[in-house]
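> If you scroll down you'll find the structure; I have some questions about it.
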Amino acid sequence: MEKLLPPTFTATRSISPDDIAPGSTFKVQVTQNQNLNQNKTDFELDEKIPTDLTVVSADSAGAIFNASDLKWTWKSVSAGETKTVSYNVAVPSNSTEKSYQISGVITASNATATDVGGVLTVTVKTPSSKISSLGIFLAMLAVILAFFVTLILGWLQDFKLDKGEMRRALAGMLVVGFTVLAVLNIIYEFELSMIALAYIELTGIVVGFYFGAKTAAEKRAEPAAEITIENVRFPFEKVAITIRNGGDSKITVDRIYINKKAFDIKNVTIGPENFVEVPQPYKWDPKTEYAIKIATTSGLTDEITAVAKKGAPITRE
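Start counting the sequence shown at 225; every next residue gets the next number (the working numbering).
This is the structure in structure tokens:
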């Protein structure tokens with residue numbers, strides 16, 4: 225029995241392009257090298273592709289080419305010679321996302337066969353849908369509207385815009401933008417896009433900053449509000465108290481005390497650098513001194529002592 229010699233040749237496969245979609249065509253190229261200083265006869269390359277792929281063209285590279293078997297045969301190959309073949313393969317248009325195995329072997333007379341190396345798998349991917357110009361416009365419009373609607377709602381409360389309302393509008397805009405991005409991601413599958421990842425990170429940072437700043441602001445806003453009882457009037461069976469907020473954030477007054485008698489009132493919100501007169505029903509006696517105190521929802525208080533005089537306002541000196 226004739227003893228086979230170890231293989232003295234190698235072969236490497238490459239495939240292009242990298243992105244292969246249903247209905248497309250890709251190119252396979254195999255480069256074979258005869259490594260040792262000896263000639264070979266009946267040098268043969270035998271490629272195998274899945275049955276649902278179709279070879280549409282191939283070059284012979286000087287070999288006897290068998291198209292049905294996808295086989296190239298050279299009667300002889302010189303020592304150190306390189307042979308390169310290529311063929312084009314069509315992917316069915318109805319193909320689903322999957323991987324295809326491509327194998328090959330090279331042989332020669334009186335030598336052991338060796339497998340073709342390099343790329344061994346072809347992956348077909350369904351291309352993602354592209355966002356239309358209208359879709360991009362509507363997404364941008366939604367984000368912009370979220371910003372301005374939030375600003376307008378904050379402005380309508382006291383016809384002013386403070387830093388907290390600006391932060392809230394910015395955070396709201398980014399949250400809406402994140403939601404729009406998530407919906408588009410589900411539809412168009414671009415979750416690996418660097419832009420999408422950067423936007424998600426930015427949204428997290430800004431929203432975290434907003435809630436952190438909001439919490440810190442709430443802790444210091446009431447003490448910094450400089451709430452004062454600015455004026456007291458004594459109309460018929462009422463004590464009208466003018467309360468001023470001298471700070472830069474909103475406060476809410478929820479209780480009034482008259483001579484230590486507590487009155488729970490409907491929450492009265494006072495905007496930054498603004499005032500509100502709160503009429504509290506109370507049967508007062510003329511020329512009687514009353515200790516009047518107010519309290520906010522956070523516990524901030526102010527008080528004043530006033531002598532009841534009909535029609536005469538009492539102001540803080």
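For glycine and all other residues, C-beta sits at the position ideal for the given N, C-alpha and C.
Kindly give me the distance between the Cβ atoms of Glu389 and Leu405, rounded to whole angstroms, as I take these residues to be in contact under 8 Å.
No, Glu389 and Leu405 are not in contact; Cβ-Cβ is about 24 Å, not under 8 Å.
> Per the DSSP calculation, Pro503 is bridged to which residue(s)?
Ala464, per the DSSP bridge assignment.
> Out of Asp509, Ser284, Lys384, Lys517, state which residue places its alpha-carbon closest to the alpha-carbon of Ile482.
Closest option to Ile482, Cα to Cα, is Lys517.
> To the nearest whole angstrom, what separates the beta carbons of Lys295 and Asp270, a pair I think is in contact under 8 Å?
Correct: roughly 5 Å between the Cβ atoms.
> Which residue marks the beginning of the alpha helix (DSSP H) containing Asp382, and which one marks its end?
Unbroken alpha helix (DSSP H) run through Asp382: 357-382.
> Have a look at Ile475 and Ile528 and give me their C-alpha separation to the nearest angstrom.
Their backbone Cα atoms lie some 19 Å apart in a straight line.
> For Ala515, tell me which candidate among Thr308, Ile465, Glu450, Arg392 has the shortest Cα-Cα distance.
Of Thr308, Ile465, Glu450, Arg392, the residue nearest in Cα terms is Ile465.
> Could you have a look at Glu513 and say whether DSSP puts it in helix, strand or coil?
Residue state, collapsed to three classes: strand.
> Can you pull the DSSP bridge partners for Arg237?
Per DSSP, Val254, Gly342.
> Please identify the residue among Lys322, Ile360, Lys462, Val301 whose C-alpha is closest to the C-alpha of Pro274.
Out of Lys322, Ile360, Lys462, Val301, Lys322 has the C-alpha closest to the C-alpha of Pro274.
> Bridge partners for Ala291 per DSSP, in chain order?
In DSSP, Ala291 forms no bridge with anything.
> Between the Cα of Val477 and the Cα atoms of Phe499, Val456, Asn290, Phe460, which residue gives the shortest distance?
Among Phe499, Val456, Asn290, Phe460, the Cα nearest to that of Val477 is on Phe499.
> Here's a check: name, in chain order, each residue in its chain whose Cβ is nearer than 7 Å to the Cβ of Thr493, leaving out the five neighbours to either side.
Same-chain partners within the cutoff: Lys474, Thr476.
> Look at Thr297 and Ala282 and say whether their C-beta atoms are less than 8 Å apart.
No.
> According to DSSP, is Gly523 helix, strand or coil?
Correct three-state label for Gly523: coil.
> Identify, in the order they occur along the chain, each residue of the same chain with its Cβ nearer than 6 Å to the Cβ of Thr452, setting aside the five sequence neighbours on each side.
Result list for Thr452: Arg468, Asp526, in chain order.
> Three Cβ pairs or more, each shorter than 8 Å: is that satisfied between the stretch 329-337 and the stretch 349-369?
Counting Cβ pairs under 8 Å, fewer than three are found: no touch.
> Spatial neighbours of Thr278 within its chain, please: C-beta separation below 6 Å, excluding the five flanking residues on both sides.
Closer than 6 Å at the Cβ level, and outside the excluded window around Thr278, lie Ala314.
> Kindly indicate which residue of Asp339, Gly523, Val400 has the alpha-carbon position closest to the one of Ala366.
Checked all of Asp339, Gly523, Val400; the closest Cα to Ala366 is Val400.
> Rounded to the nearest angstrom, what separates Glu450 and Gly470 at their Cα positions?
About 5 Å.
> For Leu277, which of helix, strand or coil comes out of DSSP?
Leu277: coil per DSSP, three-state reduction.
> Tell me which same chain residues have a C-beta within less than 6 Å of the C-beta of Thr265, skipping the five on either side of it?
Excluding sequence neighbours, Thr265 sits near Ser300, Ser333.
> Nearest to Arg392 by CA position, among Val407, Leu408, Ala370, is which residue?
The residue with the shortest Cα to Cα distance from Arg392 is Ala370.
> Please return the same chain residues whose Cβ sits closer than 6 Å to the Cβ of Ala245, not counting the five positions on each side in sequence.
Hits under 6 Å: Pro351.
> Here's the rule I'm using: 16 or more other beta-carbon atoms within 10 Å means buried, otherwise exposed. How should Thr306 be labelled?
Exposed is the call here.
> Measuring CB to CB, does Thr308 end up less than 8 Å from Thr255?
The answer is yes: Cβ separation under 8 Å.
> For Thr520, which option in Val373, Ile480, Val531, Phe458 has the closest C-alpha, if you only look at C-alpha atoms?
It is Ile480.
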